[in-house]
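Visitor: In my numbering, the protein residues as written are 231 to 715.
#1: Residue 711 to residue 695, Cα distance in whole Å?
#2: Return the first residue and the last residue of the alpha helix (DSSP H) that residue 226 is part of.
#3: With H, G and I counted as helix, E and B as strand and the rest as coil, what does DSSP make of residue 289?
#4: Among 384, 422, 398, 393, whose alpha-carbon lies nearest the alpha-carbon of residue 331?
#5: Can you list, in chain order, the residues of its chain whose CB lies under 8 Å from that of residue 298, leaving out five sequence neighbours each side?
#6: With 16 other CB atoms within 10 Å as the buried threshold, where does residue 496 fall?
#7: Following the continuous alpha helix (DSSP H) through residue 661, name the residue where it begins and the one where it ends.
#8: In whole angstroms, what is the alpha-carbon distance linking residue 396 and residue 390?
#9: DSSP puts residue 709 in a beta bridge; with which residues?
#10: Which first and last residues belong to the alpha helix (DSSP H) in which residue 399 is found?
#11: Thinking residue 255 and residue 420 are a contact (beta carbons under 8 Å), I'd like their distance in whole angstroms, please.
#12: Helix, strand or coil, according to DSSP, for residue 704 in the structure here?
#13: Looking at the secondary structure, which residues open and close the beta strand (DSSP E) in which residue 737 lies?
#14: Whether or not the segment 296-316 and the segment 270-285 are in contact is what I'm after, with contact meaning three or more pairs of Cβ atoms, one per stretch, closer than 8 Å; do they touch?
#15: Determine the closest residue to residue 527 out of 379, 251, 392, with distance taken between C-alpha atoms.
#16: Does the distance from the C-beta atom of residue 637 to that of residue 557 stay below 8 Å?
#17: What would DSSP say about residue 465, mapped onto helix, strand or coil?
#18: Closest by CA to residue 425, which one among 410, 403, 715?
#19: Using the C-alpha atoms, what's the distance from residue 559 back to residue 362?
#20: Between residue 650 and the rest of its own chain, which residues show a CB-CB distance below 7 Å, the 5 nearest in sequence each way excluded?
#21: Exposed or buried, residue 242, counting other C-beta atoms within 10 Å across all chains shown (16 or more means buried)?
#22: Going by C-alpha distance, which of 368, 681, 284 is nearest residue 323?
#23: For the segment 313-400, list the alpha helix (DSSP H) runs that are entirely contained and at least 4 residues long, ordered along the chain.
#24: Hey, would you say residue 197 sits closer than 8 Å to residue 555, going by beta carbons?
#25: What are the boundary residues of the alpha helix (DSSP H) that includes residue 537?
#26: Based on DSSP bridge pairs, tell me the residues matched to residue 642.
#27: Report the CB separation of residue 253 from residue 329 in whole angstroms; it is logged as a contact under 8 Å.
#28: Here's the rule I'm using: 16 or more other beta-carbon atoms within 10 Å means buried, otherwise exposed. How should residue 293 be labelled?
#29: Can you give the Cα-Cα distance for residue 172 and residue 381, rounded to whole angstroms?
#30: Ignore the nearest five residues each way along the sequence and tell me which others in residue 501's own chain have a CB closer than 7 Å to its CB.
#31: Going by the CB atoms, is the gap between residue 408 and residue 451 shorter than 8 Å?
#32: So, at 7 Å on beta carbons, what are the nonlocal neighbours of residue 687 in its own chain, with the 5 sequence-adjacent residues on each side left out?
#33: With DSSP as the reference, label residue 428 as helix, strand or coil.
#34: Is the segment 650-662 touching the segment 611-618, taking contact as three or more C-beta pairs under 8 Å?
#35: Flag this pair as yes or no: are the beta carbons of residue 376 and residue 327 separated by less than 8 Å?
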């Protein structure tokens, strides 16, 4: 009896192990990325040290460039407290958010769509969508993995509330909305118009507006989210103006930081690399749903998922600033839709008379899943193992610093903005290193300097006689001997 009870958990154990490798493996292998990730890392490090949990800082001043609320930074501060100053502390919150999203999708499909196989196939599709676990989303310390979890949470919770009327899912909807805003500001609200439209479709608007719990939960949202923005403005005057200029008028109406692309940018990315082969399963899901009997609930959810995807694509495609990861919140819905034809095919295959024996069905199911997911899963795991090649010079400093185990004292000279250097210097200082920064024009004889940018290396070599202490990739550790005559 006990053995049978244990056996039923073996499939979950196997799936958990399979999810570990693409999600958690080698999170620290790549150096911190130049922009958002390393900026958040520096924000988290300063917050860890100054205990100012309301106003993220950069270089000991309020950060007015990155104006998102600090939920992700709070989690990274917790990571630093637990694991120290390193990449894992910064990236683990994203990986945990990915895992939470996978569990959320399985729970929703298994419990509320009454289809465990759909849940299994959906999470396998999601974890093998190329855009989900690559740069700036699932395996880096950016906002987006956490945002995806909370936007998925409130969309799924609202669908369940619309179907069942259970008040706890209304509260869960508003909790998800609140945490989405605390993660990435206005980006957390992009799906709200679709949910309002779905309420009209379901003719639930009157029922919702007459429900006192709608107002209780809405007030909760306003107090927590609005309260943060107001308190931040009081502590950091000018914040609201900077936030609106960055997240609303600036980013949507104008092109920031040269991120200008055409209307079809996101559609092209989905076809070319972000969604992989799974995008081609979406039209099949439309055809399959016609043949599904007694699947009214699944059909309604599929319609909602389609609209959520189309709406977000339209919103971000008409914005002035376009970045590849803005499409990421659609991935969970895309995964469920792509899994529908897979489930239909597997169920049809397993219902063939000769395969109705339970043991044969389990074996065939396992073989079919392996045939479908082996290559996409292999690609996802290989990405986790991948060694970064030909990366831009600002990313090289972190690798080279960690490679210099015996050189305890040196100077880093870099060009322009480089938040990763700031974080890695503080990381190495905790291990007993004495590292400072200087501009190349401020160096002098006797300095030992690390450089990973060709222009600076040439400047130093043209001005000084130097010896190479160590070189790696495009980086050099140079001992400056004397100035050239």
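No residue lacks a Cβ here, since even glycine has one placed at the ideal position from N, Cα and C.
As the structure is a prediction and not an experimental result, all values here were calculated from the model.
Guide: Walking through what the data contain:
#1: 6 Å
#2: As shown, the chain starts at 231 and ends at 715. That puts residue 226 outside it, with no answer to give.
#3: coil
#4: 384
#5: 373, 413, 414, 415, 477
#6: buried
#7: Taken as a continuous stretch (DSSP letters only), residue 661 belongs to no alpha helix (DSSP H), as it is neither H nor E.
#8: 8 Å
#9: 678, 697
#10: 397-414
#11: Contact doesn't hold; Cβ gap of about 31 Å is too wide.
#12: coil
#13: Because the chain spans 231 through 715 in this model, residue 737 falls outside it and cannot be assessed.
#14: yes
#15: 392
#16: no
#17: helix
#18: 403
#19: 9 Å
#20: 261, 262, 264, 268, 624, 625, 627, 628
#21: exposed
#22: 368
#23: 317-337, 346-357, 374-394
#24: In the structure as shown, the chain begins at 231 and stops at 715. Residue 197 is therefore absent and cannot be evaluated.
#25: 526-547
#26: 667, 680
#27: 6 Å
#28: buried
#29: No information on residue 172 is available, as it lies outside the stretch 231 to 715 that the chain covers here.
#30: 509
#31: yes
#32: 681, 706
#33: helix
#34: no
#35: yes
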